[in-house]
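The next block holds one structure in the form of structure tokens; read it before the comments.
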Amino acid sequence: QMLTPYNEHFCVPTRLFTWAVCAVFPESSWVRALAVAGMMLFAASFVPLYWFVQRVWGSPTLGLLAVGFFALTTVHSEVVLWYSASQWCWALLVMLACLLVVQAGVPVPGWRRLAASAILAGIGPFCYTVGLLVGPVASGYLVTRRLATGAISWARCAAPLVGTAVCLSVLVPLKAPGIAARVS
414 QMLTPYNEHF CVPTRLFTWA VCAVFPESSW VRALAVAGMM LFAASFVPLY WFVQRVWGSP
474 TLGLLAVGFF ALTTVHSEVV LWYSASQWCW ALLVMLACLL VVQAGVPVPG WRRLAASAIL
534 AGIGPFCYTV GLLVGPVASG YLVTRRLATG AISWARCAAP LVGTAVCLSV LVPLKAPGIA
594 ARVS
């Protein structure tokens with residue numbers, strides 16, 4: 414049941430999170446509890462976003478500005494007001510965690526950090542389809558560091574992509590026929 418796609422999305426954290434919220438609150442409070450939980454999930458992304466931007470630019474002010482612009486843009490109105498839309502934040506949180514893991518290995522992330530980034534990139538696709546971007550974004554970040562410093566090898570830059578590829582090599586053969594049948 415956990416790996417049953419919702420349209421084209423795998424929603425493992427979403428299903429677990431929804432179950433946990435509904436298990437804690439009485440059924441009469443589910444609507445409000447889920448609305449607040451969705452807002453809290455969105456707000457949870459502020460801290461890792463701040464850490465990432467602050468580390469990149471070395472400025473707490475720019476970190477706060479980034480969070481402010483991210484939080485206050487009207488693009489996120491559905492995310493804040495609609496529980497189902499807030500669930501893409503799981504993929505965002507995994508992506509930010511992956512970026513923080515590779516970013517902390519300055520100037521060259523060690524193999525443990527790269528393995529962690531590959532694992533996070535492999536988890537990403539279970540957090541809505543947008544989670545497929547975790548590996549490519551983290552690898553892109555490592556490539557920009559390689560181009561700027563020359564210190565990171567191409568193999569290390571590809572580590573997060575490996576996690577995404579492994580996940581897809583397992584999920585696609587298992588679930589693609591079912592997804593295709595639902596779409597047609």
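Every letter in the sequence shown is one number past the one before it in the working numbering, and letter 63, counting from 1, is 476.
C-beta: ideal position from N, C-alpha, C; glycine also.
| Query | Result |
| --- | --- |
| When Leu485, Ser497, Ala446 and Arg445 are compared against Cys540, the one with the closest alpha-carbon | Ser497 |
| C-beta contact flag for Ala534 and Gly576 at 8 Å | yes |
| Cys424 - partner residues in DSSP beta bridges | Cys540 |
| Alpha-carbon to alpha-carbon, Leu513 and Gly537 | 15 Å |
| C-alpha distance - Cys424 paired with Phe430, whole-angstrom precision | 10 Å |
| His492, buried or exposed, once every other Cβ within 10 Å from all chains shown has been counted against 16 | Checking the sequence shown, residue 492 turns out to be Val, not His. Val492 should be labelled buried. |
| C-alpha gap between Trp501 and Ala578, whole angstroms | 20 Å |
| Neighbourhood of Ser552 by C-beta, 7 Å cutoff - its chain only, sequence neighbours within 5 removed | Cys570, Ala571, Pro573 and Leu574 |
| Distance between beta carbons of Val543 and Ala504, contact taken as under 8 Å | 5 Å |
| Spatial distance of Val515 from Val521 (CA atoms) | 8 Å |
| Pro549 at chain C interface by Cβ criterion, 8 Å | Reference to chain C is not applicable here, since this structure consists of a single protein chain. |
| Residue burial classification, Arg445 (beta-carbon count within 10 angstroms, cutoff 16) | exposed |
| Contacts around Phe459, its chain only, beta-carbon distance under 7 Å, and the 5 residues preceding and following it disregarded | Val480 and Ala484 |
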